Structure formats: structure tokens, C-alpha cells
Amino acid sequence: MSQDTWTFSNTDSLLGYAFAFYFLEKRNNGTSKHNIRLLCRNKDGLEELERLGGEVIEVDYRNECDIQTAIAGTRFLMFNPEFSGKRIWEAKTLLNASKCEGVEYVTITSFIGVDRVLREMHNNKHDFSNMVEYYHLEEQVRHLFGDDNHCVVRLPFFSQSLYYFSPMIEKESMIGMPVDTKARWPILSLLDVVQGMYHLWTENQIKRLNHIESNKALFQFTSAYNQDGKGLSIIFSEVLGRTTQYTQISASNMRAYLQDIRENENFQERPFSQESKDPERPERDVPFTFPIARYLNDNYIDTLLELWLMFDCGFSDILTDDLSNALGYMPQELSSFVQNNRDQFRRLQ
């Protein structure tokens, strides 16, 4: 029988760290006393999570005994697949251990459009190997835990990742991505995503466990409208007060740029205090959603490039109200995000 432990995987990534930090804050400010266990490859940089009371455990995701021990006593698992060339192997080890240990419910994070990749692969010459893996992991979770004991949450591009483009704006007065100017794609503030996930995990689990409503197994988080390159250039031009063009660049140039960002001193540490004055609706961004350079490993860059390729193919151009329903309000529009964080964009230039 599982204890009341909530376990989060891949907490040394942008998404995993943000989930962990926010869920710990909410637990510490509330009445719930559940344990929060945080799996990672390396504890470096996770000191704040330990300060907040998280049980941080370094694991080798390929070691079955290691994972079995780490997952013991878990009731709910937030499964954020690794950015690794061994993603499938590592995921199966974690999921099989979770099944053996009696984990009650698993949430897997994925990307909007992965189902389209599978449906249209015979018509497409592009390599979507990472996105195919995400889709197969969605299916693996469903197979192991059943329709009533899992959900898939597909996510878009995060507004915070636009910080990476600040040096490009300063040097070249442009934002370059490997996506056609007219292609439309989803983008959300990571903070809205994290808050939406928290509501799903708390309110929806209460309803499910008390048989108030049946389990919903698929959520796709989007804003009220999708973005395109022209709209992006207009927003940044107006907010930063300088003409900023959008340009479609090659995947190889995008890769080289992100590899350079890994060495940029402005992205080595989170930029300000971890304390958030109003964690529910802050006007400015919060430190735990900042995309530090260490997140940009080679597989994460490869995955981002495939995400942009899905955007370019039109696979991710959908709209839902899943996130607004979870939040109880509309998520922050990109124009508001850039406006509220204009000082941050300028600092990073």
C-alpha cells in the first residue's frame, strides 16, 4: 500500500524544477503534510528544493534497484521524461518500478502535436525521433496504469524560453527560429502551466477518488490563441522600443545559437530571490521558472528543434480550454508576459 508521497522525476530540468518548487511552496503554506520526493541525476543547483523540505534523491534511471528504492511508498507520480538519449530505457525502468510498488496515479508530461506526428509520419520526411518516443511513453503509461489511473498533459513552448533570444535581439534586432513566419503555435507562461497542473493534481484527484466524476486522461494546455512569427516581432518591437524582425533560420543555426547560450554568463544562475510575493498571480516572472543554461543539454536542444519542426508542420496549431478550466481564469497572454518582464529581457541582452 503506497504512503502519501508525491514523487516528481527529472527535477533537474526546467519543467521538473518548476513543478517541484511550486508544489513545495503550496504544501508548506497549506495544511497537507504529504511528503514530496524529487528524483534527479545530480543534486547540484537543487539546494532551494531541499530548503523547502523536498526529499531530493540522486538516481541512475537505468538501475532497477536504484529506482525501486527511490519510488517505494509513492502514491502519485509526476513523470517528466528525461532529456537523454536513453529516454525510453530510463522511462521503462521508472514506470515498471512504479507499477510494482503500487503507485496509484501517474501523470506524464508530453508535447502538443505528438499524436499528429504518428498519424502523418508516412507523409513526412522529417526526423521526429524524440517526439515519437514521447508518444510511445504516453501509450506505455496508459497500458500499465489503465484509463482511470493516469493522465497525459501535453504542453506547448514556454514564454520563459524566449529569454534565450535576448542576446539575439540585442545583436541582430531579430528573433530567429526554425519555424515559418506564418505558422501558428502554442505558447504559455510556465508559471500558468505549473499552477494549472497543481489544480489538476489536487481538485481533480479529490473528485476522482470520491467518484464525483470520471477520470480525464488527456489534457492539452494552450492559451486562447496561438502565436506566429509576425505577432512575435510586433510584441517585442512595441515592448522593447526597438524594431525586432522575425526570421526563419535553419535548425543547424538554431542549434549553434543555443549551444552558445549555454556559455552565456547571464544564464548561469537564477536572476533574483526565490521568494515570490504573490505566487497565484504575480505580474512579473518568478525565479523558479527561469531557464538557466544547464538545462540546455544536447538532447534538450534536439527536443526543442523537433518541437519547432512540429510547429512548422502545423501539428501543434490547436486550441483548448483545458488550462483555463484548471486555473479558473485565462492564462497570461504573451504580450502581457513580455511587458511585465521587459526589464528581464533587457538585462539578458
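The numbering used here numbers the first residue of the sequence shown as 13 and each following residue consecutively.
Yeah, the Cβ is synthetic: ideal placement off N, Cα and C, and Gly gets one too.
These numbers come from a predicted model, not from an experiment.
Would you give the residue range spanned by the beta strand (DSSP E) that residue 67 belongs to? In the sequence shown, residue 67 corresponds to position 55, counting from 1. Segment 67-70, the beta strand (DSSP E) holding residue 67.
Residues that residue 47 bridges to, as DSSP identifies them: Position 35 of the sequence shown, counted from the first residue, corresponds to residue 47. In the DSSP output, where bridge partners are listed per residue, residue 47 has 17.
Rounded to a whole number of angstroms, what is the C-alpha to C-alpha distance between residue 263 and residue 233? Here residue 263 refers to the residue found at position 251 when the sequence shown is read from its first residue. Here residue 233 refers to the residue found at position 221 when the sequence shown is read from its first residue. The alpha-carbon atoms of residue 263 and residue 233 are separated by roughly 26 Å.
Sub-8 Å separation of residue 116 and residue 161 beta-carbons: Residue mapping note: residue 116 aligns to position 104 of the sequence shown, counting from 1. Residue mapping note: residue 161 aligns to position 149 of the sequence shown, counting from 1. Yes, they are a contact pair.
Going by beta-carbon coordinates alone, are residue 36 and residue 58 separated by less than 8 Å? Locating residue 36 in the sequence shown gives position 24, counting from the first residue. Locating residue 58 in the sequence shown gives position 46, counting from the first residue. For residue 36 and residue 58, no; Cβs fall outside 8 Å.
Would you report the Cα separation of residue 54 and residue 17, rounded to the nearest angstrom? Locating residue 54 in the sequence shown gives position 42, counting from the first residue. Locating residue 17 in the sequence shown gives position 5, counting from the first residue. Those two C-alpha atoms are separated by around 21 Å.
Element boundaries [beta strand (DSSP E), containing residue 138]: Within the sequence shown, residue 138 is the residue found at index 126, counting from 1. Here residue 138 belongs to no beta strand (DSSP E), and DSSP marks it neither H nor E.
Distance, Cα to Cα, residue 2 vs residue 244? Given that the chain is displayed from residue 13 to residue 361, the structure contains no residue 2 and the question cannot be resolved.
Where do the N-terminal and C-terminal ends of the alpha helix (DSSP H) with residue 42 fall, by residue? Locating residue 42 in the sequence shown gives position 30, counting from the first residue. Per DSSP, residue 42 belongs to no alpha helix (DSSP H) and is neither H nor E.
Is residue 356 helix, strand or coil when you go by DSSP? Your numbering for residue 356 matches position 344 in the sequence shown. Helix.
Could you compute how far the alpha carbon of residue 110 sits from the alpha carbon of residue 80? On the sequence shown, residue 110 is found 98 positions in, with the first residue counted as 1. On the sequence shown, residue 80 is found 68 positions in, with the first residue counted as 1. Whole-angstrom Cα-Cα distance: 8 Å.
Would you mind sorting residue 287 into buried or exposed? The rule is 16 or more other CB atoms within 10 Å of its CB. In the sequence shown, the residue the question calls residue 287 occupies position 275. A caution first: residue 287 carries a pLDDT of 45, below 50, which makes its placement in the model too unreliable to give a value.
Whole runs of the alpha helix (DSSP H) within the region 175-263, excluding any shorter than 4 residues: Within the region 175-263, the complete alpha helix (DSSP H) runs of at least 4 residues are 178-184, 202-211, 217-221 and 241-252.
Taking the alpha carbon of residue 185 as the point to measure from, which residue in 249, 62 and 119 has its own alpha carbon closest? Residue mapping note: residue 185 aligns to position 173 of the sequence shown, counting from 1. Closest by alpha carbon: 249.
Determine which residues share a DSSP beta bridge with residue 117 and list them. Residue mapping note: residue 117 aligns to position 105 of the sequence shown, counting from 1. According to DSSP, which records beta bridges pairwise, residue 117 is partnered with 88.
Short of 7 Å in beta carbon distance, which residues of its chain neighbour residue 327, apart from the five on each side in sequence? Order them along the chain. Start at 1 with the first residue of the sequence shown, and residue 327 comes out as number 315. Within the same chain, residue 327 has close Cβ partners 125, 128 and 129.
Please state whether the Cβ-Cβ distance between residue 163 and residue 229 is less than 8 Å. The residue labelled residue 163 in the question sits at position 151 within the sequence shown. The residue labelled residue 229 in the question sits at position 217 within the sequence shown. Cβ atoms of residue 163 and residue 229: closer than 8 Å.
On the three-state DSSP scale, how would you describe residue 169? For the purposes of this step, residue 169 is identified with residue 157 of the sequence shown, where counting begins at 1. Here residue 169 sits in strand by DSSP.
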